[in-house]
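Residue numbers (the numbering used here): 175 to 510. Structure, as structure tokens:
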Amino acid sequence: MNIKKDYSLKTLNTFGIDVKAKQFISVTKQAELLEILRRFYASELFILGGGSNMLLTQDIEKTVVHVNLKGIEVVQETKDHIWLNVRAGENWHKFVLHCIENNYGGLENLSLIPGNVGTSPIQNIGAYGVELKDNFEFCEAINVQTLNTTKFSKADCKFGYRQSVFKNKYKGQFIITNVCFKLTKHKHNLNLDYGAIKTVLEQKSIQNPNIKDISDVVIAIRSSKLPDPKELGNSGSFFKNPIISGDHFKQLQQKFDLKYYPLASGDYKIPAGWLIDQCRLKGYRVGDAGVHKQQALVLVNYGNASGHDILNLAEHVQKQVFNTFNIELEPEVNIY
Ligand code: EPU
175 MNIKKDYSLK
185 TLNTFGIDVK
195 AKQFISVTKQ
205 AELLEILRRF
215 YASELFILGG
225 GSNMLLTQDI
235 EKTVVHVNLK
245 GIEVVQETKD
255 HIWLNVRAGE
265 NWHKFVLHCI
275 ENNYGGLENL
285 SLIPGNVGTS
295 PIQNIGAYGV
305 ELKDNFEFCE
315 AINVQTLNTT
325 KFSKADCKFG
335 YRQSVFKNKY
345 KGQFIITNVC
355 FKLTKHKHNL
365 NLDYGAIKTV
375 LEQKSIQNPN
385 IKDISDVVIA
395 IRSSKLPDPK
405 ELGNSGSFFK
415 NPIISGDHFK
425 QLQQKFDLKY
435 YPLASGDYKI
445 PAGWLIDQCR
455 LKGYRVGDAG
465 VHKQQALVLV
475 NYGNASGHDI
485 LNLAEHVQKQ
495 VFNTFNIELE
505 PEVNIY
């Protein structure tokens, strides 16, 4: 087992924050992962996937286990569908491109989302009208206490908006090792409802898009607004879009020309990016920590920001939004 000491995590978190792990192990085999779980107490370990949904504010005084299991396997196939079992360490976008190349439909709207396959169910990643749960069949995860492997069906995962059991009831208790997706081989169920997708398809005069066209459009839209973590450290949406009551919504509507998504419950989801933008914070910068110039929902590291610099900026944003709208923004990223 190759255990490294005082290992920098700068290249392993998309915010590019330079903190150190007291010990670091990258695991490429399930047997190795089990060996680590036998050797260490779960409380001594810090599990790291793609590092795309976290803000590190301090050195990690634990043993960081980088889950780097690779492989894509066909587990079942019918005339219309294919089931792919994908190991946790596969890069999400590379996996989506693999599906597009093979004409397996379902994940095209989720192109270019940073992170790994193994962490995608934890927050039920979503974009442009599609969520991971729409094509999810099951995942398997190791219980860090018993070391047994449990299979989680879609119902078991209790998926919601950026939510699952892995973020709530079972937080820190399981390591997801593989995720199985059910995808279409033809007659793809295209999701074109999201306004920006329709607009770009029209601009390109594409009338009957295929899954590659949709993936290309999503990549173009994301690239135009969301910074590439390789060029500018960031963790995608830093905050969740808040949900407010109908009464609160009515009050605000008297004062503001709100952007909103009505929910079946009678509540309203308000785009956090719009709220932050209204507070004139788009492009706001303190040292190397900033609010992205094209999408106010994304906080960025211009180079040498520390985790605390980003956190201070996030708190400033939360205060301004609260003072203006009486809405509390909740971070989407995990803060350590
Ligand atoms: N808006 C502004 N100013 C901004 C940003 C947004 O006015 O700086 C307005 C837009 O004009 C639009 C509305 O807010 O009317 C919503 O913006 P957008 O369509 O960009 O989507 P979002 O609600 O900001 C969510 C997800 C994104 C996902 C997009 C597309 C959350 C927290 N974020 O963003 O997810 O890509 O929808 O589906 O739900 C991520 O999780 O990392 C992520 C990027």
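No residue lacks a Cβ here, since even glycine has one placed at the ideal position from N, Cα and C.
When DSSP labels each residue in this structure, what does Gln197 get in the three-state scheme? DSSP places Gln197 in strand when its eight states are reduced to three.
Q | Nearest candidate by alpha-carbon position, reference Asp367, set Asn259, Leu219, Tyr302 and Ala205 | A | The residue with the shortest Cα to Cα distance from Asp367 is Tyr302.
Does the beta-carbon of Pro295, which I'm using as the reference point, lie nearer than 7 Å to any heavy atom of the ligand EPU?
The answer is no for Pro295.
Please report the Cβ distance between Thr188 and Gly464, rounded to the nearest whole angstrom; I am assuming they are in contact, meaning their Cβ atoms lie under 8 Å. That pair is no contact at about 15 Å.
Entirely enclosed alpha helix (DSSP H) segments - the stretch 244-295, minimum 4 residues: Taking only runs of at least 4 residues, the alpha helix (DSSP H) segments lying wholly in the stretch 244-295 are 266-275.
| said: Considering only their Cβ atoms, is the gap separating Thr237 from Lys196 smaller than 8 Å? | reply: Cβ distance < 8 Å, so Lys196 and Thr237 count as in contact.
* Let me know the secondary structure DSSP gives Asn408 once reduced to three states. => In this structure, Asn408 counts as strand in the three-state DSSP scheme.
Q.
Going by the DSSP bridge assignment, what does Asn486 pair with across the sheet?
A. According to DSSP, which records beta bridges pairwise, Asn486 is partnered with nothing at all.
- Using a Cβ-Cβ cut-off of 7 Å (strictly less than) and excluding sequence neighbours within five positions of Gly461, which residues of its own chain qualify? Ala479 and Asp483, listed in sequence order.
Proximal residues to Ala329 (C-beta, below 6 Å), its chain only, five neighbours per side dropped
Nothing listed; no residue qualifies.
Less than 7 Å separating the Cβ of Asn187 from some heavy atom of the ligand NAD? The ligand NAD is absent from the structure shown, which contains only the ligand EPU.
| request: Less than 8 Å between the CB atoms is what I'm expecting for Val392 and Ser285, so what's the real figure, rounded? | output: Contact flag correct, Cβ pair sits at about 4 Å.
*Decide yes or no for the touch test of the stretch 414-426 against the stretch 440-447: beta carbon pairs closer than 8 Å, at least 3 of them.*
As far as the Cβ criterion goes, the stretch 414-426 touches the stretch 440-447, which means the pair count is three or higher.
Are the Cβ atoms of Gly346 and Gly289 separated by less than 8 Å?
-> No.
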